[in-house]
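Right, one structure below, let's go through it.
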Amino acid sequence: MRRRQALSAVALSAASLAGCNSLGTPERTPADVTPADVPTATESPTETVTPPVTPDPDDPILFSISNETETRRTVSLTLTRADDTYIDESLTLDAGDGEAFDSGIRSPGEYELAVTVEDGPELSYTLSIGSFDVRSGSNHFVTVNSDEIRVFAEE
Numbered sequence: 004m005r006r007r008q009a010l011s012a013v014a015l016s017a018a019s020l021a022g023c024n025s026l027g028t029p030e031r032t033p034a035d036v037t038p039a040d041v042p043t044a045t046e047s048p049t050e051t052v053t054p055p056v057t058p059d060p061d062d063p064i065l066f067s068i069s070n071e072t073e074t075r076r077t078v079s080l081t082l083t084r085a086d087d088t089y090i091d092e093s094l095t096l097d098a099g100d101g102e103a104f105d106s107g108i109r110s111p112g113e114y115e116l117a118v119t120v121e122d123g124p125e126l127s128y129t130l131s132i133g134s135f136d137v138r139s140g141s142n143h144f145v146t147v148n149s150d151e152i153r154v155f156a157e158e
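Counting from 4, one number per residue, gives the positions in the sequence shown under this note's numbering.
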């Protein structure tokens with residue numbers, strides 16, 4: 004039994020010392036230095052420029068609104084950014100119906116979404132639209148329930 008313990012102790016200590024030696028790292032000599040290692044006087048830091056985002060004209064960012072209640076509802080939907088209005092619609096939806104709007108969003112940024120249901124809930128929400136959303140046409144879904152409004156984003 005002690006023989007097995009001794010062998011396992013030797014094996015573990017040998018494994019823990021693996022890769023250790025006293026040789027260290029060799030010093031570099033001028034002959035080892037390649038031109039890529041030597042900075043030149045003409046080098047300057049490069050500025051990273053973010054390319055503009057080109058939206059896919061066949062896949063715009065849509066805002067789809069649906070009435071998930073059992074009654075007809077009148078809903079107002081407004082989407083703005085700074086002084087620009089992208090959607091300003093008021094519509095009456097039957098129970099279970101919905102409608103989609105092209106938002107016209109063509110650049111990333113913060114957008115304000117306001118949804119108001121006549122005699123019902125209201126919602127104001129800040130949307131962060133990123134470059135990926137613009138390129139891929141990530142849609143947003145607004146569902147109207149009897150006591151709340153929910154907003155979902157397609158990834």
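Glycine included, each C-beta is placed from N, C-alpha and C at the ideal position.
Item	Value
Can you confirm whether the segment 92-100 touches the segment 108-118 when touching is taken to mean that 3 or more C-beta pairs between the two stretches lie within less than 8 Å?	no
Look at the alpha carbon of S79 and the alpha carbon of T129, and state the distance between them as a whole number of angstroms.	16 Å
S106 by DSSP, collapsed to three states: which one?	coil
Can you give me the Cβ contacts of T88 inside the same chain, cut-off strictly under 8 Å, excluding the 5 residues immediately before and after it?	T81 and L82
Would you call S106 buried or exposed, if buried means 16 or more other Cβ atoms sit within 10 Å of its Cβ?	buried
Decide if R75 is buried, meaning its Cβ has at least 16 other Cβ atoms within 10 Å, or exposed.	exposed
How long is the line joining the alpha carbons of F155 and S110, rounded to whole angstroms?	20 Å
In this structure, how does DSSP classify M4 when only helix, strand and coil are distinguished?	Reliability fails at M4, whose pLDDT of 49 lies under 50, so the model's placement of it is uncertain and no value is given.
So the alpha helix (DSSP H) D87 belongs to, where does it begin and stop?	Run containing D87: none in the alpha helix (DSSP H); it sits in the beta strand (DSSP E), D87 to L96.
Could you give the DSSP three-state label for S149: helix, strand or coil?	coil
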